[in-house]
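K.L.:
Under the working numbering, residues 55 to 275 are what the sequence shown spells out, in order. Let me begin by handing over the structure; questions about it come next.
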Amino acid sequence: MQVNLASGAKVQLTTTGATRIYRSREGFSATTQCNEVSIAEGALLEYLPDATIPFAGARYLQRTSINLAAEAGLFWWEILAPGREARGEFFEYEEFAMNISVSALGGRIAAENLCLRPSQENVLSLARLGPYRYAATFYICRVGLEAREWRDAEDQLQELTVSMTRRGEILWGVSSLVAHGLVVRCLARNGRELLPGLQAIWRSAKRHLYDREAIPPRKVN
């Protein structure tokens, strides 16, 4: 997927539904998706997909590179499900790997590498997901804001995420990037509250950073 936003463009992207990763064929390489995103000066990209669901036997690698120019903005979330929950299928995929790099003004401000191999490692160990089944990451960026404005935004979102956290059921956390943004993370036992929580954070952050309301995609989530 290649996304190139021209100067001043405002774009919202979503998916038609959950992204389903099917079982890999024996002897074939992992299913791979590469995302290359370029956001020009003053442009804004909102990427708001449904969850990614790796089916039993799936092997998946996703690489994402995002570059932001001066005054460019980004709302980008990713949701990982444990499998086909309705069928009682949890962590039966072979491998799920995701790496993402976010740069602003030519310098890297975020780098993430995730790799889960349920057949080889206990994904429910405390070093990985613990007792939780769903995971989400939400990058919120706007290039050029002063550090004070990001501290205010972090404090505001911290208050919101604390109000949504229930230990043992759903955990939310927010922290600053090295510059130009924040990252929000979530671990949850089920997916029912995850998407509404991301939308609440998106609404709050967009009001704070852009003084505009977040408009959900025209579909049923």
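Note that CB positions come from ideal geometry on N, CA and C, so glycine has one too.
Using three-state DSSP, classify Glu175 as helix, strand or coil.
P.N.:
Indexing the sequence shown from 1 puts residue 175 at position 121. Glu175: coil per DSSP, three-state reduction.
K.L.:
To the nearest angstrom, how far is the alpha carbon of Ile255 from that of Leu249?
P.N.:
Taking the first residue of the sequence shown as position 1, residue 255 is located at position 201. Taking the first residue of the sequence shown as position 1, residue 249 is located at position 195. Approximately 10 Å, taken between the alpha carbons.
K.L.:
Out of Val91, Ser92, Arg77, which one is the CA nearest neighbour of Ser85?
P.N.:
As a first step, residue 85 is located in the sequence shown; it is residue number 31 there, counting from the start. The amino acid at residue 85 is misidentified as Ser; the sequence shows Thr. Comparing Cα positions, the closest option is Arg77.
K.L.:
Does the Cβ-Cβ distance between Ala124 and Ile93 come in under 7 Å?
P.N.:
Residue mapping note: residue 124 aligns to position 70 of the sequence shown, counting from 1. Residue mapping note: residue 93 aligns to position 39 of the sequence shown, counting from 1. Cβ distance not < 7 Å, so Ala124 and Ile93 don't count as in contact.
K.L.:
How far does the beta strand (DSSP E) with Pro108 in it extend, from its first residue to its last?
P.N.:
Taking the first residue of the sequence shown as position 1, residue 108 is located at position 54. That run of the beta strand (DSSP E) goes 106 to 108.
K.L.:
In chain order, what are the residue ranges of uninterrupted beta strand (DSSP E) at least 3 long that sit wholly in the region 155 to 223?
P.N.:
Correct list: 161 to 170, 188 to 196.
K.L.:
Pick helix, strand or coil for Asn275, following the three-state DSSP scheme.
P.N.:
If you number the sequence shown from 1, residue 275 lands on position 221. With a pLDDT of 49 at Asn275, under the threshold of 50, the modelled position of that residue is not reliable, and no figure is offered here.
K.L.:
I believe Ile107 touches Gly137 by the beta-carbon criterion, under 8 Å. Please report the beta-carbon distance rounded to the nearest angstrom.
P.N.:
On the sequence shown, position 53 is the one that residue 107 refers to. On the sequence shown, position 83 is the one that residue 137 refers to. Contact holds; Cβ gap of about 7 Å.
K.L.:
For Leu231, does the three-state DSSP call read helix, strand or coil?
P.N.:
The count along the sequence shown starts at 1 and reaches residue 231 at position 177. Here Leu231 sits in coil by DSSP.
K.L.:
Counting C-beta neighbours from all protein chains within 10 Å, is the total for Ile269 16 or more, i.e. buried, or is it exposed?
P.N.:
Position 215 of the sequence shown, counted from the start, is the residue given in the question as residue 269. The residue is exposed, with fewer than 16 neighbouring Cβ atoms inside 10 Å.
K.L.:
Return the first residue and the last residue of the alpha helix (DSSP H) that Arg113 is part of.
P.N.:
Mapped onto the sequence shown, residue 113 falls at position 59. That residue, Arg113, is in no alpha helix (DSSP H); its beta strand (DSSP E) goes 113 to 122.
K.L.:
Should Pro185 be labelled buried (16 or more other beta-carbon atoms within 10 Å of its own) or exposed?
P.N.:
By one-based count along the sequence shown, residue 185 stands at place 131. With fewer than 16 other Cβ atoms within 10 Å, it is exposed.
K.L.:
Would you report the Cα separation of Cys88 and Val156, rounded to the nearest angstrom?
P.N.:
On the sequence shown, position 34 is the one that residue 88 refers to. On the sequence shown, position 102 is the one that residue 156 refers to. Each residue's alpha carbon lies about 14 Å from the other.
K.L.:
Please go through the same chain and pick out, in chain order, the residues whose beta-carbon is closer than 6 Å to the beta-carbon of Asn121, but skip the five residues on each side of it.
P.N.:
Within the sequence shown, the letter at position 67 stands for residue 121. Hits under 6 Å: Ser92, Ser157.
K.L.:
State the Cα-Cα distance for the pair Ala207 and Leu98, rounded to the nearest angstrom.
P.N.:
Counted from its first residue, the sequence shown places residue 207 at position 153. Counted from its first residue, the sequence shown places residue 98 at position 44. If you take the alpha carbons of Ala207 and Leu98, they lie about 18 Å apart.
K.L.:
Under 8 Å: do the region 161 to 173 and the region 209 to 218 share three or more Cβ pairs, one atom per stretch?
P.N.:
With a cut-off of 8 Å, the region 209 to 218 and the region 161 to 173 do not count as touching, because too few Cβ pairs lie within range.
K.L.:
Can you list, in chain order, the residues of its chain with a C-beta nearer than 7 Å to that of Gly62? Leave out the 5 residues immediately preceding and following it.
P.N.:
Walking along the sequence shown from the start, residue 62 turns up at place 8. Closer than 7 Å at Cβ, skipping near neighbours: Gly96, Ala97.
K.L.:
Glu203 to Val216, Cα distance in whole Å?
P.N.:
Taking the sequence shown and counting its residues from 1, one reaches residue 203 at position 149. Taking the sequence shown and counting its residues from 1, one reaches residue 216 at position 162. Distance between the alpha carbons of Glu203 and Val216: 20 Å.
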